[in-house]
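Have a look at the structure below, then the notes.
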Amino acid sequence: MVTNEQSVAGPAAEQQGFLHQVKSFGRPFWAANVMELIERWAYYGVRAVLSLYIVDAVANGGLEFTHVQKGSIYAAWAMVQSLLPLFTGGYADRYGYKGTVAFSILIKIVGYLLMATQHSYGGFFLGCMLLATGTAVFKPGVQGIIANANLGNKASVAWGIFYAMVNVGGFIGPWAAGYLRMMSWAHVFYANAALVALNFIILLMFKEPERPAFEGKRPSPVTEFVGILFSSVKNVFEPRLAAFLVLFSGYWLMFNQLFDLLPNFIDDWVDTSGTLAWLGKTLGNPTMLQNGLAGGQIQPEWMINIDAGAIVFLMVPIAALFSRMKPIHSIILGILVSTIGIVLSGSTMVGAYCMLGIFIFAIGEMMASPKKLEYLAAIAPKDKMGLYMGYANVPNAIGWGIGSSLGGHMYQTYADKTTLAKAYMADKLHMTPEAIAAIPKNQVMETLAAQLGQTPRQVTEMLFAMHHPEHIWLVFGAIGIASMVGLIAYNAVVTRLPKPATV
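In this note's numbering, each residue carries its 1-based index in the sequence shown increased by 36.
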């Protein structure tokens, strides 16, 4: 989940001990880290449950949008959040990091509040776009504060701490959101709006870091934007770079389904009651045990959070294990492992196997995702290093954008349990369209179960056996394999080119 924010860190400083380096960091550095933790906590808390909220029944407090509508929201979100940082970084350098962060916080708060209060597609879409914009503006500002914190030869440790905060925030957020949504869906958005507002207070605790002086006459914002846009678009068509970005986007198409589609699949099809009962017995928790035996389920967002938890505890040893492997080789192997994980997690109704798949996916993510910046740094011309680093989000934009639309249409047609249950009512029970449409979404399964004299769980198993919704994950797995094979062929070609074979 969060390793796609990893950065290229220089060699660790050898002149000083680790603890001495940590103690030497100033107030701006620690303030930026706390702000990052809070922002990631809020962001991932919302993102972890958002796929469920968007399609949940109105009677349950949800929006009851279709998966196609959900996919269109995420596709636009991908473009805004992934591509806007290509341009916002320059503005943070010119106009101030604290001001940039403050502006982003304000945008994010408005976004969260709109998401809490707007139940029409247009209003909710606007809230999501504001959150995506605020996130894109926040990143360059807070990273600029750290980059200008006089790190010297402590940069490796400094960035390691920063990305640890990313992972910790990304791990805590979904757990907190899972409890908040038990009270109401609106609590998730209001609480995270209040949480991110705390960063206003932290901004008052340190001075604006010194920024590199701008030489010459400052162009107008419009002229500056056009110049940055032209430079970014022109250079992205460099053949080696373009080929890598396009091929790697297949991985990100598959990657984002873990967070945008798998929660819905778990909610519809996966039975975690046995796993919950086992955990209750193992941990000596009688309440958890009884809940599992009674058919209680583990919330999907908590299962998905296995990914973030694995990253928090295993990122350092995984990074050390693959540190000597060439970035492109680590990326290729990581895609293979992630593909195995995503297919396993979506091919079963058994909660334990699904959780195992998520864990395997996380291992592959830790192998592939952090290496993209290292690889881009290896192929970048020395005078275009910063520009190439900005391209790191392009594969995510392409993959997330296309995958959201594809996944939304596929799930709505082939895997949405309510849709399949209604089709059964029409085809097998010969109910009229009017009668089916009159059934509230949260009562469709109970109605069908009553008609068949079965339990809702038995009906779920019947629909799963009839329609095989797990097959949609084979499509995403095939895309992951295609991305891997493409990168293998790409690497075979580029290693013969004059560019140094550090890639």
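Beta carbons are placed, not taken as given, at the ideal position from N, Cα and C, and that holds for glycine.
query	result
Out of Tyr80, Gln479, Lys464 and Phe101, which has the shortest C-alpha to C-alpha gap to Ala344?	Tyr80
Can you give me the C-alpha to C-alpha distance between Asn478 and Ala95, rounded to a whole angstrom?	7 Å
Mind reading off the beta-carbon distance from Pro245 to Pro64? Whole number of angstroms is fine, and I expect it under 8 Å.	5 Å
Given a threshold of 16 other Cβ atoms within 10 Å of its Cβ, counted over all protein chains shown, does Lys175 qualify as buried or as exposed?	buried
Is the beta carbon of Thr454 closer than 9 Å to that of Val550?	A query on residue 550 cannot be resolved here, the shown segment of the chain reaching from 37 to 539 and no further.
Do Gly439 and Gln293 count as a contact pair if the criterion is CB distance below 9 Å?	yes
What's the C-alpha gap between Leu216 and Val224?	5 Å
Does the region 308–320 come into contact with the region 382–393, if we say contact requires no fewer than three beta-carbon pairs (one atom in each stretch) closer than 8 Å?	yes
Could you work out which residue in Ser118, His445, Ile354 and Thr375 is closest to Pro406 when comparing CA atoms only?	Ile354
Would the beta-carbon of Tyr133 fall within 9 Å of that of Gly170?	no
Could you tell me if Gln7 is buried or exposed, where buried requires 16 or more neighbouring beta carbons within 10 angstroms of its beta carbon?	What the structure shows of the chain is the stretch from 37 to 539, and residue 7 is not part of that stretch, so it cannot be assessed.
Is the CB-CB distance between Lys144 and Leu166 below 9 Å?	yes
Starting from the C-beta of Ala111, find all residues in its chain whose C-beta is less than 7 Å away, skip the five residues before and the five after it, and write them out in chain order.	Gly437, Ser440 and Ser441
Short of 7 Å in beta carbon distance, which residues of its chain neighbour Trp509, apart from the five on each side in sequence? Order them along the chain.	Ile378, Val379, Gly382 and Ser383
Thinking C-alpha only, which one of Ile515, Ala474 and Val348 is nearest Phe198?	Val348
Less than 9 Å between the C-beta atoms of Met201 and Val137, yes or no?	no
Of the residues Ala128, Val178 and Thr375, which one's Cα is nearest the Cα of Leu73?	Val178
What does a CB cutoff of less than 6 Å around Ala102 pick up in its chain, not counting 5 residues either side in sequence?	Contrary to the premise, residue 102 reads as Thr rather than Ala in this sequence. Excluding sequence neighbours, Thr102 sits near Gln448.
Please return the same chain residues whose Cβ sits closer than 7 Å to the Cβ of Trp221, not counting the five positions on each side in sequence.	Tyr89, Gly97 and Gly98
Let me know the secondary structure DSSP gives Pro536 once reduced to three states.	Its pLDDT being 48, under 50, Pro536 is placed unreliably in this model, and the coordinates cannot settle the point.
Along the chain, where does the alpha helix (DSSP H) containing Met115 start, and where does it finish?	His103 to Leu119
Buried or exposed for Met403, please, with buried defined as at least 16 other CB atoms from any protein chain shown within 10 angstroms of its CB.	buried
If you reduce the DSSP assignment to three classes, tell me which class Val173 lands in.	helix
Provide the residue(s) that pair with Val386 in DSSP beta bridges, ordered along the chain.	Asp307
Just the C-alpha distance for Ala428 and Ile364, rounded to the nearest angstrom, thanks.	14 Å
How should Ala161 be labelled, buried or exposed, when 16 other C-beta atoms within 10 angstroms of its C-beta is the threshold for buried?	Here the sequence assigns Phe to residue 161, which means Ala is not the residue at that position. Buried: at least 16 other Cβ atoms inside 10 Å.
How about Leu149 and Ala78: are their beta carbons less than 9 Å apart?	no
If you draw a straight line from the alpha carbon of Tyr463 to that of Lys106, how long is it in whole angstroms?	Going by the sequence as given, residue 463 is Asp instead of Tyr. Their Cα atoms are separated by approximately 27 Å.
Three-state secondary structure (DSSP) at Arg360?	coil
With DSSP collapsed to three states, give me the class of Ile475.	coil
DSSP on Leu294, reduced to helix/strand/coil?	helix
Helix, strand or coil for Gln540, going by three-state DSSP, please let me know.	The chain is shown from 37 up to 539; residue 540 falls before or after that span and cannot be answered.
Could you tell me if His319 is buried or exposed, where buried requires 16 or more neighbouring beta carbons within 10 angstroms of its beta carbon?	Before going further, note that residue 319 is Leu rather than His in the sequence given. Leu319 is exposed by the Cβ-count criterion.
Rank Ser519, Gly205 and Gly147 by C-alpha distance to the C-alpha of Leu369 and give the top, closest one.	Ser519
Within its chain, find whatever has a CB closer than 6 Å to the CB of Arg532; leave out the 5 residues flanking it on each side and keep chain order.	none
So what's Thr449 in DSSP terms, helix, strand or just coil?	helix
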